[in-house]
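Asks: In the numbering used here, the protein residues as written are 59 to 173.
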Amino acid sequence: MNWHVYSIGPIDYGWHQLRSVRETLEVAAVPCEGSDPREGLDTSASLAFLKSWESAKEAALAAGWEGGFRLEPRVFWVPDDLQMAHGFVFKQDHNGATFIASPQPLPHLEALAGR
């Protein structure tokens, strides 16, 4: 995935409003409502989510993230052409900088990143 990565100042509030990466993965592992339980779990969605998380971390490293987390990384959603697309937001441990890896450009964050 082609990530748009932004590094902005520390975000200190509102993290509880977003699911963590772990919580989102747990939801992805549950069969969809109305599905036949005999079919078992379709792990492809969970594997794709984990792969995107790994690629987002690589993109963040290339953008200056130092590799540590102050808080559990979170997932956010933005509308895409046909579906909701996920992105990631996390706080760096060293200095509290907030990193955002988005599947779509977020121009308002470009202005914040330039400060």
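Yeah, the Cβ is synthetic: ideal placement off N, Cα and C, and Gly gets one too.
From what residue to what residue does the beta strand (DSSP E) around residue 132 run?
Replies: 132-137
Asks: Since residue 75 sits in a beta bridge, which residues does DSSP pair it with?
Replies: Answer is none; residue 75 lacks a bridge partner.
Asks: With 16 other CB atoms within 10 Å as the buried threshold, where does residue 144 fall?
Replies: When all chains shown are included, residue 144 counts as buried.
Asks: What's the gap between the Cα of residue 78 and the Cα of residue 72?
Replies: 12 angstroms
Asks: According to the Cβ coordinates, are residue 157 and residue 65 closer than 8 angstroms?
Replies: A contact, by the Cβ cut-off of 8 angstroms.
Asks: What residue from 163, 101, 120, 164 has the CA that sits closest to residue 84's CA?
Replies: 101
Asks: Go through its chain and collect everything with a Cβ distance to residue 61's Cβ below 6 angstroms, but skip five positions before and after it.
Replies: 114, 117, 159
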